[in-house]
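Here is the structure we will look at, set down as structure tokens.
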Amino acid sequence: MSQSKQSRREALRAQQEAEVRAAKRKKVIGVIAGVVVVVVAVVAGVFAFTNRSDSPSASGAQVNPPSADKDSGVYTIKSGTVKQGAPTLTIYEDYQCPICKQTEDTYGDSIRSLAKSGDIKLQYRTLTFLDDNMRNDSSYKAAMAAAGADMVGKLEAYHDVVYRNQPEQEGTGYTDEQLRTTFPKEAGITGADLTKFQKYYDDKATSDFVKNAASKGLAEGQKLAGDQFGTPFFTVNGKKYTDWQNISSPTPETLLASIKKAA
4 MSQSKQSRRE
14 ALRAQQEAEV
24 RAAKRKKVIG
34 VIAGVVVVVV
44 AVVAGVFAFT
54 NRSDSPSASG
64 AQVNPPSADK
74 DSGVYTIKSG
84 TVKQGAPTLT
94 IYEDYQCPIC
104 KQTEDTYGDS
114 IRSLAKSGDI
124 KLQYRTLTFL
134 DDNMRNDSSY
144 KAAMAAAGAD
154 MVGKLEAYHD
164 VVYRNQPEQE
174 GTGYTDEQLR
184 TTFPKEAGIT
194 GADLTKFQKY
204 YDDKATSDFV
214 KNAASKGLAE
224 GQKLAGDQFG
234 TPFFTVNGKK
244 YTDWQNISSP
254 TPETLLASIK
264 KAA
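Here the working numbering runs 3 ahead of the position in the sequence shown, where the first position is 1.
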């Protein structure tokens, strides 16, 4: 074989190998491009789904519970029944607070009776600071759920159910199943209202309200009680009120007398 023929064959072989490599690169690039197109399509689909107008969490739409003041985060219970000149009883509480539960068990019926009759203006300040102590987020989630219950007119019932079912072991917290399914049903939230409530909960549509209310409530409590502040904490007409603790067997009448004295 002559040198010139061998050189031509080697050159031809080199060209063929180069063409094969180029074809492989083109195929790989095509596959990658296809994957990119699919990923972009999936991302676009997810973006479109999560940004639907009916998805508060994605759209950024937050709601304010109808019984609460948007700025302070204070709930007013049965505001339409309050008699003229009735004293305002404000209760600072945290849904994970065991003493709050004990207080609810002992004084709750009398407090609710006075609110129902309009003899007091009952307010709740819902705090979440125990999440830091317990290393969980149950106070925040319970507060969000309670705000969602207020959106369907069931704040009082839901509030009572949460305390009634507070775990015996402090720090155990509440499960999502309890907060979004078991508790609302026990509070009488059913049908279309249950669907709405669960959407508020799943979308965290009351999150901004809860965080603002907890922050302002804690600041106000600390301003009134300093380092001694803790839940439950009562005020009457904005002033620290502790005499309720001296009523061992409270009735609406004895509690009202004490509240009026503090006012």
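Positions of the beta carbon are idealized from the N, C-alpha and C atoms, including for glycine.
- Y204 is positioned such that its CB atom lies closer than 8 Å to that of R183.
- DSSP places A208 outside both helix and strand once states are collapsed to three, so it counts as coil.
- When Cβ pairs closer than 8 Å are counted between the two stretches, the region 62 to 82 is seen to touch the region 121 to 137, the count reaching three or more.
- Per the coordinates, the alpha-carbon of T257 lies some 8 Å from the alpha-carbon of I250.
- Around the beta carbon of T254, fewer than 16 other beta carbons lie within 10 angstroms, which makes this residue exposed.
- Taking all protein chains shown into account, R128 has 16 or more neighbouring C-beta atoms within 10 Å of its C-beta and is therefore buried.
- DSSP places R115 inside the alpha helix (DSSP H), whose first and last residues are P101 to S120.
- Rounded to whole angstroms, the gap between the alpha carbons of S261 and G233 is 21 Å.
- Checking the DSSP bridge columns, you'll see A71 partnered with Y78.
- By a beta-carbon distance limit of 8 Å, T209 contacts V66. Their separation comes to about 6 Å.
- Beta-bridge partners assigned by DSSP to D140: none are found.
- The secondary-structure analysis by DSSP pairs T245 with nothing; it has no beta-bridge partner.
- Assignment of F236 by DSSP, reduced to helix, strand and coil, places it in the strand class.
- The C-alpha of Y244 lies about 11 Å from the C-alpha of Y95.
- For A216, the number of other beta carbons within 10 angstroms of its own is at least 16, and it is reported as buried.
- For I192 against K157, the beta-carbon gap comes to about 5 Å, under 8 Å, which counts as contact.
- When DSSP states are grouped into helix, strand and coil, I262 belongs to the helix group.
- When rounded, the separation of the alpha-carbon atoms in P235 and A228 is 12 Å.
- Contact between L130 and F237 does not hold, since the beta-carbon distance rounds to 14 Å and is not under 8 Å.
- Bridge partners of I94 according to DSSP: Y127 and F237.
- Distance between E107 and A64, taken at the CA atoms: about 33 Å.
- Counting only the Cα atoms, A146 lies some 12 Å from Y166.
- Counting every other CB atom within 10 Å of its CB across the protein chains shown gives E173 a total below 16, marking it as exposed.
- At the C-beta level, P68 and M137 stay beyond 8 Å of one another.
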